[in-house]
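Residue numbers (our numbering): 657 to 901. Glycine included, each C-beta is placed from N, C-alpha and C at the ideal position. To start, the structure itself, in structure tokens.
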Amino acid sequence: MPTIEDESFVDVQGGGSLIVAWQLKGKPVTVVGGGNVATGRVAHLLAADAVITVICPDSGLSDELQYRVAKKQIVHIPRNFDIEHDLRSVQPSMVLVAIDSPLASTEIYRECKALKIPVNVADVPAECDFYFGSMYRDGPLQVMVSTNGNGPKMANLVRRRIEDELKQEPFGMAIERLGLLRRRVRQKVPGDTSVETRKRMRWISQISERWTIAQLANLDDDMIEQVILNMEDEPPSYNDIIARP
Ligand SMILES: C[C@@]1(CC(=O)O)C2=NC(=C\c3[nH]c(c(CCC(=O)O)c3CC(=O)O)Cc3[nH]c(c(CC(=O)O)c3CCC(=O)O)/C=C3\N/C(=C\2)[C@@H](CCC(=O)O)[C@]3(C)CC(=O)O)/[C@H]1CCC(=O)O
Ligand SMILES: NC(=O)c1ccc[n+]([C@@H]2O[C@H](COP(=O)([O-])OP(=O)(O)OC[C@H]3O[C@@H](n4cnc5c(N)ncnc54)[C@H](O)[C@@H]3O)[C@@H](O)[C@H]2O)c1
Numbered sequence: 657m658p659t660i661e662d663e664s665f666v667d668v669q670g671g672g673s674l675i676v677a678w679q680l681k682g683k684p685v686t687v688v689g690g691g692n693v694a695t696g697r698v699a700h701l702l703a704a705d706a707v708i709t710v711i712c713p714d715s716g717l718s719d720e721l722q723y724r725v726a727k728k729q730i731v732h733i734p735r736n737f738d739i740e741h742d743l744r745s746v747q748p749s750m751v752l753v754a755i756d757s758p759l760a761s762t763e764i765y766r767e768c769k770a771l772k773i774p775v776n777v778a779d780v781p782a783e784c785d786f787y788f789g790s791m792y793r794d795g796p797l798q799v800m801v802s803t804n805g806n807g808p809k810m811a812n813l814v815r816r817r818i819e820d821e822l823k824q825e826p827f828g829m830a831i832e833r834l835g836l837l838r839r840r841v842r843q844k845v846p847g848d849t850s851v852e853t854r855k856r857m858r859w860i861s862q863i864s865e866r867w868t869i870a871q872l873a874n875l876d877d878d879m880i881e882q883v884i885l886n887m888e889d890e891p892p893s894y895n896d897i898i899a900r901p
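Next up, the structure:
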């Protein structure tokens, strides 16, 4: 039984935030404003497959957002935000505010809180349920750097360091191919018993660990089938697979 004198547990440092990978696929998200900041928010939302409505007067819609409306990637409502119509009746999953009017922002923020809708008001930490961070993406890989409000520019610098390192190797492609292999392994060893799950997990962990990033990125559909056909206790090495006819 652990006691409060037990020093084997690490001390936790507070003052952070919970970084999670929020799933927005198919969910309605409202972006208020159509300028530079809103345009950046929309790019992040599109990458998350959200269903996006942008609300701002026609005169405020950026060229990029006009292009996205024309491509039917987003819906645009050409007027100022209206709390009754755009919040109370629609109840979106999330609201992102990026407008040049602090009074209107605060009003939208308060109503989102009353309706329990998660909201971010760009550059106003007191009106954010969550902050954005500096993002590196490569296919399904996403790395987000946050300074928890202390220095957004520094978040950008740290992200660029990480980016310089990660872009040396095809991580995105490797992860995509590994994702396909995982799905095939689950078809080959279906079932939810702990024995089956443990077998699948050990197998995939070993391949993830032992194959290089370049080898994983090279894993084409035929090789995946070879790997699946040879699913014995020990997972094959890359060389085992390419040596097979
Ligand atoms: C990461 C990034 C993502 C994004 O927004 O997409 C982001 N800000 C970015 C850039 C940036 N923003 C600002 C500068 C000027 C230099 C500087 O101040 O450092 C630069 C740098 C530049 O422009 O180069 C000004 C600024 N930002 C906030 C305040 C208010 C305050 O601090 O009180 C002020 C001061 C306004 C004033 O002084 O009046 C607040 C927030 N900005 C955040 C995110 C959240 C905290 C993130 C974190 O702590 O890590 C948070 C809390 C809320 C939010 O907006 O979600 C994006 C970099 C993307 C990239 O390029 O990679
Ligand atoms: N400009 C920047 O680089 C920058 C960077 C970080 C944060 N910010 C902050 O983020 C906010 C937005 O910045 P921006 O550069 O995108 O501004 P912007 O001036 O380019 O765009 C403002 C947008 O808000 C719309 N708008 C104004 N009132 C509205 C309302 N009531 N309903 C709907 N739409 C409305 C306008 O039509 C326009 O599309 C500002 O508060 C700014 O301080 C700006």
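Assigned secondary structure, residue i (DSSP; H/G/I helix, E/B strand, else coil)
{"i": "residue 712", "result": "coil"}
{"i": "residue 894", "result": "helix"}
{"i": "residue 794", "result": "strand"}
{"i": "residue 748", "result": "coil"}
{"i": "residue 686", "result": "strand"}
{"i": "residue 884", "result": "helix"}
{"i": "residue 800", "result": "strand"}
{"i": "residue 755", "result": "coil"}
{"i": "residue 863", "result": "helix"}
{"i": "residue 668", "result": "coil"}
{"i": "residue 733", "result": "strand"}
{"i": "residue 906", "result": "Residue 906 is absent from the structure shown; the chain starts at 657 and stops at 901."}
{"i": "residue 676", "result": "coil"}
Residue i versus the options, residue with shortest Cα-Cα distance
{"i": "residue 863", "options": "735, 841, 849, 845", "result": "841"}
{"i": "residue 693", "options": "735, 675, 777", "result": "777"}
{"i": "residue 981", "options": "795, 900, 861", "result": "Coverage of the chain is limited to positions 657 through 901, which leaves residue 981 absent and any answer about it impossible."}
{"i": "residue 773", "options": "848, 790, 750, 861", "result": "750"}
{"i": "residue 888", "options": "868, 704, 859", "result": "859"}
{"i": "residue 736", "options": "729, 746, 714, 726", "result": "714"}
{"i": "residue 832", "options": "795, 804, 801", "result": "795"}
{"i": "residue 818", "options": "705, 872, 849, 791", "result": "791"}
{"i": "residue 834", "options": "848, 822, 894", "result": "894"}
{"i": "residue 868", "options": "851, 826, 657, 762", "result": "826"}
{"i": "residue 871", "options": "852, 829, 882, 855", "result": "829"}
{"i": "residue 768", "options": "789, 746, 788, 787", "result": "746"}
Residue i classed as buried or exposed, judged by whether at least 16 other C-beta atoms fall within 10 angstroms
{"i": "residue 701", "result": "buried"}
{"i": "residue 667", "result": "exposed"}
{"i": "residue 685", "result": "buried"}
{"i": "residue 846", "result": "exposed"}
{"i": "residue 742", "result": "buried"}
{"i": "residue 674", "result": "exposed"}
{"i": "residue 783", "result": "buried"}
{"i": "residue 657", "result": "exposed"}
{"i": "residue 898", "result": "exposed"}
Nearest-angstrom beta carbon gap, residue j and residue i [assumed within contact, 8 Å]
{"i": "residue 688", "j": "residue 755", "result": "6 Å"}
{"i": "residue 716", "j": "residue 690", "result": "4 Å"}
Inset, instruction - Could you tell me which uninterrupted beta strand (DSSP E) segments, each at least 3 residues in length, are contained entirely in the segment 794–860, listed from first to last along the chain? - result: 797–801
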